[in-house]
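Residue numbers (this note's numbering): 31 to 355.
Accompanying notes for the structure given below.
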Amino acid sequence: MTAPSAPDQTRLEFDSNRLMIDLCGELDANLVRVEAGTGAEVHRSGNVITLVGDAEARQHAAASLRALYGRLQANKAIEAGDVEAAIRMPTEIFEEGHEQAPAAANQLEIRTRKKTVEPRSPAQAGYVQALHNNDLVFGLGPAGTGKTYLAVAVAVAYYLEGRVDRIILSRPAVEAGERLGFLPGDMKEKVDPYMQPLYDALNDFLPAKQVSKMIEEKQIEIAPLAFMRGRTLSHSFVILDEAQNATTMQMRMFLTRLGEGSCMAINGDTSQIDLPRGVLSGLVEAEKVLHGVEGIGFTRFSAKDVIRHPMVAKIVRAYEKATRE
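In structure tokens:
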């Protein structure tokens, strides 16, 4: 697919005119994104794309375009997020001259009732792989990097495959000094605002009626962290979200709930701790104490893994820079 070109150019020729239309996108929007994300100039003429720029930029752009074309050959649509994912993934995973991404990328697909989810950054790929390889995984990093979303997707996939009997989702119910007892309404009304991101993720992967039925039958449990005390969570996929707001005592309690046949994902951002001044985050302590323990995986995300609006990544980078200074 790579044709001869000038020393400072890379010429790619694609076989299918039909797929070429989808590769380029409406008004060549996909090519514009590749150009902006890799630093290479992208020129199209018919079914030939010419890349101009330094060698590294051209290699990056070529790998991204080959990966996207491979998606189309596999009868997968290309959305804006897929273009960004192709740009983020390291160029070395795409073998020169191959039209499709390696099989390993497809092996990380997460299939649920409503959609198939794929990692969109190297850190996301490593996180999904860690969830498959370990019983306990920590996902550490800023908001918008897909930590909770991917964990819920894997949990739903495991449930649908019969690998677990229940999905248990939890968050600390104390944020910015507020406690449940001071909030109006019954317990569900008190808890639901804290748990809404988890409901949102579930509804992305399962029909709403199925989610409601599974919650009613306790196949899905969504509860504050404090409700986990005294339980043994067996044959379950357990997720603790916003774990930076768990105290050291709560974290130890939660970690020891892990039962037979269960998997546990603990996610949080240590730069957004809402605990009272002087109270140590259990996530910070756990990262120090458990690092290097066999069977426990750690994945660290950064601003470059943010998959929300591009402005979010810029905001995260700005705060990271300010913290370092």
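Just so you know, even glycine gets a beta-carbon here, dropped at the ideal spot from N, CA and C.
If you're wondering where the values come from, they're calculated on a predicted model, not measured in any experiment.
query, result
"Span of the beta strand (DSSP E), counted from its first residue to its last, around Pro254", "250–254"
"Sub-9 Å separation of Val319 and Cys293 beta-carbons", "no"
"Contact under 9 Å by Cβ, Glu71 with Gly83", "yes"
"Best match in Ala253, Pro306, Ala295 for proximity to Asn275 [C-alpha to C-alpha]", "Pro306"
"For Gly327 and Val167, believed in contact at Cβ under 8 Å, the rounded distance", "4 Å"
"Cutoff 6 Å; reference Glu65; Cβ partners in own chain excluding five residues on either side", "Val72"
"Check whether Val170 and Asp58 have beta carbons under 9 Å apart", "According to the sequence shown, residue 170 is Leu rather than Val. No, they are not a contact pair."
"Buried versus exposed call for Ser242 [16 or more other C-beta atoms within 10 Å across all chains shown]", "exposed"
"Pick from Tyr189, Lys351, Val147 that is closest to Met244, judged by C-alpha positions", "Tyr189"
"Other residues of its chain near Asp335: CB distance less than 6 Å, five sequence neighbours each side excluded", "Ser151, Ala153, Thr175"
"Exposed unless 16 or more other CB atoms sit within 10 angstroms - verdict on Val323", "exposed"
"Cβ neighbour criterion (16 or more within 10 Å) applied to Gln302", "exposed"
"Through-space distance from Lys106 to Val25, alpha-carbon basis", "In the structure displayed, the chain extends from 31 to 355; residue 25 sits before or after that span and is not available."
"Runs of beta strand (DSSP E) lying entirely within the region 72–121, each at least 3 residues, in chain order", "78–82"
"Proximal residues to Glu315 (C-beta, below 8 Å), its chain only, five neighbours per side dropped", "Thr278, Met281"
"Extent of the continuous beta strand (DSSP E) run through Ala295", "293–298"
"Paired residues, beta bridge with Ser266 - DSSP", "Arg196"
"Other residues of its chain near Glu148: CB distance less than 6 Å, five sequence neighbours each side excluded", "Glu139"
"CB contact flag (Leu232, Ile250, <9 Å)", "yes"
"Outcome for His265 when other beta-carbon atoms lying within 10 angstroms are tallied against a minimum of 16", "exposed"
"Exposed unless 16 or more other CB atoms sit within 10 angstroms - verdict on Glu272", "buried"
"Proximity below 9 Å, CB of Thr80 to CB of Thr142", "no"
"Proximity winner among Met341, Thr329, Gln226, Arg74, relative to Val158 (alpha-carbon distances)", "Thr329"
"Nearest-angstrom beta carbon gap, Asn297 and Thr146 [assumed within contact, 8 Å]", "Between Asn297 and Thr146 the Cβ distance is about 22 Å, and since that is not below 8 Å, they are no contact."
"As assigned by DSSP and simplified to three states, the class of Arg63", "helix"
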